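Below is one structure, written out as structure tokens; comments come after it.
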DNA sequence: CTTCATATGAGCATTGTCGCCCATCGCCGC
DNA sequence: GCGGCGATGGGCGACAATGCTCATATGAAG
């Protein structure tokens with residue numbers, strides 16, 4: 012019996028998913044959550060085989076929740092549910108430890124197949140595009156490291172996205188303002204961005220901070 | 012028997028809604044559609060009692076579809092389904108001829124109640140907030156403020172969150188940079204914020220832009 | 001041992017942002 | 001018609017952010 016955790020902030024969607032899963036002979040819904048934080052709590056207490064997480068949820072995104080769950084419990088496999096198949100969260104989801112990525116646009120059978128696949132410890136991709144992307148991602152040696160950014164740079168980006176000024180970041184990290192500017196400048200160059208506004212969007216996409 | 016049309020671009024959501032409705036003794040799903048245009052076609056051919064339309068769909072939004080359906084067939088009542096209860100589409104939905112507005116965040120029983128309510132030609136509101144808004148809307152003769160922000164200010168905020176500089180916004184809107192700064196300044200004051208970084212987060216929270 | 005990445009920091013010039021005050025115009029409600 | 005608000009803009013000053021170049025120390029990788 013595959014025990015599944017459902018996390019989605021839309022009650023109606025949750026009901027639909029639950030009915031879908033309960034209709035399968037080999038699956039049962041172990042818990043439901045209506046936001047990311049609750050998803051992490053329920054995942055750690057219920058220890059389901061599969062956690063189905065919506066990408067976008069209040070309090071904590073699906074990406075952040077996936078990181079939390081995977082870092083505490085490798086036995087729970089994460090299946091990410093997204094609105095659009097072409098959104099930018101695909102790679103981030105894999106880096107956050109997700110074993111599968113399914114679009115809500117897909118058929119319900121896709122979701123069921125995906126749950127069975129990731130429950131067995133394998134990886135599920137919902138579209139051909141993503142299959143190609145995945146192969147490229149693996150070939151590029153992205154198997155271990157998760158970032159272009161160094162830990163220090165990540166810290167700075169996080170604070171920038173929290174609306175800290177360079178000076179405030181310098182104080183918070185006990186650095187010179189100049190050093191903060193260096194890190195920020197290096198990050199902008201690495202990501203091909205122009206200003207902190209783009210960085211904020213990046214940080215939110217990556218689930219580094221909450222909107 | 013209440014005959015229902017389901018229109019949503021997310022297959023998994025469609026399945027959930029269909030199961031939910033088919034489980035009711037007095038309802039049946041007469042048709043499904045995966046975008047707005049198809050929703051109009053199916054509504055006009057099947058003439059369901061209730062058309063449940065997602066606000067955001069490809070090819071034609073739920074709002075446009077509602078207008079089309081209502082202008083051709085007053086017998087079909089439209090129930091609008093939205094992602095967030097606080098999005099700006101509430102008033103527009105009513106103006107487009109919707110008889111009800113339900114958030115996907117609500118419980119499944121809300122949706123079922125809403126379908127029965129609008130099938131009887133009455134109006135359904137899914138949340139207390141919307142009840143209050145509705146009363147105000149009726150009292151004000153639908154001059155309802157959906158935000159603290161004026162339309163112009165919303166435009167500017169949107170562009171700020173898209174990483175436009177003041178100068179670029181001025182060009183895009185054919186304005187002076189000074190005017191853009193005025194709008195931005197007024198918005199910052201209204202929302203009690205300090206800089207554009209906070210505005211970006213606000214805009215993303217509000218769903219004005221994608222991260 | 002040398003090379004490379006990371007972290008740290010400076011100087012200087014340019015551009016962007018923000019706060020504050022002000023003015024005009026048009027529209028709407030009383 | 002008066003008063004308020006929204007949209008439009010100007011001016012000025014202070015501060016923040018960005019670009020560019022450069023320098024140093026450290027530790028890991030070769």
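Residue numbers (my numbering), protein chains in the order written: chain P, 12 to 222; chain L, 12 to 222. Ideal Cβ positions, reconstructed from N, Cα and C, are used throughout, including at glycine. All of these numbers come straight from a predicted model, not from anything done at the bench.
Residues of the segment 193 to 209 of chain P with a CB closer than 9 Å to any CB of chain L: list them in chain order, please.
-> Cβ contacts with chain L come from 204, 205, 206, 207, 208, 209.
Between which two residues does the alpha helix (DSSP H) harbouring residue 77 of chain P extend?
-> Working through the first chain from its first residue, we reach residue 77 of chain P at position 66. Here the alpha helix (DSSP H) through residue 77 of chain P covers 73 to 83.
Give a yes or no on whether the minimum CB-CB distance between residue 73 of chain P and chain L is below 8 Å.
-> Here residue 73 of chain P refers to the residue found at position 62 when the first chain is read from its first residue. Chain L, which has no Cβ nearer than 8 Å to the Cβ of residue 73 of chain P, makes this no.
Span of the beta strand (DSSP E) holding residue 107 of chain L?
-> Locating residue 107 of chain L in the second chain gives position 96, where the first residue counts as 1. In the DSSP annotation of this structure, residue 107 of chain L is not part of any beta strand (DSSP E), being labelled neither H nor E.
Determine, using beta carbons only, whether residue 30 of chain L comes closer than 8 Å to chain P.
-> The count along the second chain starts at 1 and reaches residue 30 of chain L at position 19. Yes, because at least one Cβ of chain P sits closer than 8 Å to the Cβ of residue 30 of chain L.
Are the segment 118 to 134 of chain L and the segment 33 to 41 of chain P touching, with three or more C-beta to C-beta distances below 8 Å?
-> No contact exists between the segment 118 to 134 of chain L and the segment 33 to 41 of chain P.
Closest residue to residue 56 of chain P among P/16, P/191, P/109 (Cα-Cα distance) | In the first chain, counting from the first residue as 1, residue 56 of chain P sits at position 45. Minimum Cα distance to residue 56 of chain P is reached at P/16.
Which of helix, strand or coil DSSP assigns to residue 125 of chain L = To locate residue 125 of chain L, count along the second chain from 1; it is residue 114. Helix, per DSSP.
Residue 22 of chain L versus residue 31 of chain L: straight-line alpha-carbon distance, rounded | Here residue 22 of chain L is taken as the residue at index 11 of the second chain, counted from 1. Here residue 31 of chain L is taken as the residue at index 20 of the second chain, counted from 1. Residue 22 of chain L and residue 31 of chain L have their C-alpha atoms roughly 14 Å apart.
Answer with yes or no whether the minimum CB distance from residue 62 of chain L to chain P is below 8 Å.
-> In the second chain, the residue the question calls residue 62 of chain L occupies position 51. It does not; no Cβ of chain P falls within 8 Å.
So who's on the other strand from residue 40 of chain P, going by DSSP bridges?
-> As a first step, residue 40 of chain P must be located in the first chain, where it is residue number 29. P/15.
Using the beta-carbon of each residue, which ones in chain L are nearer than 8 Å to residue 115 of chain P?
-> Here the question's residue 115 of chain P lines up with position 104 in the first chain. Those are 21, 22, 23, 24, listed as they occur along chain L.
Is any heavy atom in the ligand FMN found nearer than 7 Å to the beta carbon of residue 17 of chain L?
-> Only the bare structure without any ligand can be found here, which leaves the ligand FMN out of the picture.
Please go through the same chain and pick out, in chain order, the residues whose beta-carbon is closer than 8 Å to the beta-carbon of residue 72 of chain L, but skip the five residues on each side of it.
-> In the second chain, counting from the first residue as 1, residue 72 of chain L sits at position 61. These residues qualify, in order along the chain: 47, 66.
Leaving aside the five residues before and after residue 84 of chain P along the sequence, list all residues of the same chain whose C-beta is less than 8 Å from its C-beta, in chain order.
-> The sequence position of residue 84 of chain P within the first chain is 73, counting from 1. Cβ within range, chain order: 54, 55, 58.
Please list, in chain order, all residues of the same chain as residue 89 of chain P whose beta carbon is under 7 Å from its beta carbon, the five residues on each side excluded.
-> By one-based count along the first chain, residue 89 of chain P stands at place 78. Closer than 7 Å at Cβ, skipping near neighbours: 62, 64, 77, 80, 81, 108, 109, 110.
In terms of residue numbering, what span does the alpha helix (DSSP H) encompassing residue 191 of chain L cover?
-> For this step, residue 191 of chain L is matched to residue 180 along the second chain. For residue 191 of chain L, the enclosing alpha helix (DSSP H) covers residues 188 to 202.
Spatial distance of residue 173 of chain P from residue 204 of chain L (CA atoms) | Translated into positions along the first chain, residue 173 of chain P becomes position 162. Translated into positions along the second chain, residue 204 of chain L becomes position 193. In this structure, the CA atom of residue 173 of chain P is about 12 Å from the CA atom of residue 204 of chain L.
Integer Cβ distance of residue 28 of chain L from residue 27 of chain P, believed to fall under 8 Å = Taking the first residue of the second chain as position 1, residue 28 of chain L is located at position 17. Taking the first residue of the first chain as position 1, residue 27 of chain P is located at position 16. In this structure, residue 28 of chain L and residue 27 of chain P form a Cβ contact; the two beta carbons are roughly 6 Å apart against a cut-off of 8 Å.
Are the beta-carbon atoms belonging to residue 169 of chain P and residue 219 of chain P less than 8 Å from one another?
-> Along the first chain, read from residue 1 onward, the residue named residue 169 of chain P stands at position 158. Along the first chain, read from residue 1 onward, the residue named residue 219 of chain P stands at position 208. Residue 219 of chain P sits close to residue 169 of chain P, with the two beta carbons spaced by under 8 Å.
Can you give the beta carbon distance from residue 171 of chain L to residue 199 of chain L, rounded, assuming they're within the 8 Å contact cut?
-> Here residue 171 of chain L corresponds to residue number 160 of the second chain, with the count starting at 1. Here residue 199 of chain L corresponds to residue number 188 of the second chain, with the count starting at 1. Beta-carbon to beta-carbon, residue 171 of chain L and residue 199 of chain L are separated by about 10 Å, too far to satisfy the 8 Å threshold.
Would you decide whether residue 161 of chain P is buried or exposed? Buried here means 16 or more other CB atoms lie within 10 Å of its CB.
-> Position 150 of the first chain, counted from the first residue, corresponds to residue 161 of chain P. Exposed is the call here.
DSSP state of residue 60 of chain P, grouped into three classes?
-> Position 49 of the first chain, counted from the first residue, corresponds to residue 60 of chain P. DSSP places residue 60 of chain P in coil when its eight states are reduced to three.
Whose C-beta lies closer than 7 Å to the C-beta of residue 178 of chain L among residues of the same chain, with five residues either side of it excluded?
-> By one-based count along the second chain, residue 178 of chain L stands at place 167. Answer for residue 178 of chain L: 188, listed in chain order.
Pick out whichever of P/127, P/208, P/197 has its Cα sitting closest to the Cα of residue 176 of chain P.
-> Along the first chain, one-based indexing puts residue 176 of chain P at 165. The shortest Cα separation from residue 176 of chain P among P/127, P/208, P/197 belongs to P/208.
Residues, ordered as in the chain, of the segment 117 to 135 of chain L that lie near chain P by beta-carbon distance below 7 Å | Cβ contacts with chain P come from 117, 118, 119, 122.
Figure out for me which residue from P/212, P/217, P/44 has the closest Cα to the Cα of residue 106 of chain P.
-> Along the first chain, one-based indexing puts residue 106 of chain P at 95. From the listed residues P/212, P/217, P/44, the smallest Cα separation to residue 106 of chain P is found for P/217.
What are the residues that DSSP puts in a beta bridge with residue 91 of chain L?
-> Residue numbering aside, residue 91 of chain L sits at position 80 when the second chain is read from its first letter. Per DSSP, L/64, L/112.
Environment of residue 154 of chain P [buried if 16+ CB atoms lie within 10 Å] | Looking up residue 154 of chain P in the first chain gives position 143. Any answer about residue 154 of chain P is weak, because its pLDDT of 40 lies below 50 and its placement is not dependable; what the coordinates show is given next. Residue 154 of chain P is classed as exposed because its beta carbon has fewer than 16 other beta carbons within 10 Å across all chains shown.
Contact with chain P by residue 211 of chain L, beta-carbon distance below 8 Å | The count along the second chain starts at 1 and reaches residue 211 of chain L at position 200. Put simply, the CB of residue 211 of chain L is near chain P, with a gap under 8 Å to one of its CB atoms.
Top-ranked residue by Cα proximity to residue 113 of chain P, from P/92, P/126, P/167 | Residue numbering aside, residue 113 of chain P sits at position 102 when the first chain is read from its first letter. Ranking P/92, P/126, P/167 by CA distance to the CA of residue 113 of chain P puts P/92 first.
Inter-residue Cα distance where the pair is residue 164 of chain P and residue 212 of chain L | The residue you call residue 164 of chain P lines up with position 153 of the first chain. The residue you call residue 212 of chain L lines up with position 201 of the second chain. Cα to Cα, residue 164 of chain P sits roughly 20 Å from residue 212 of chain L.
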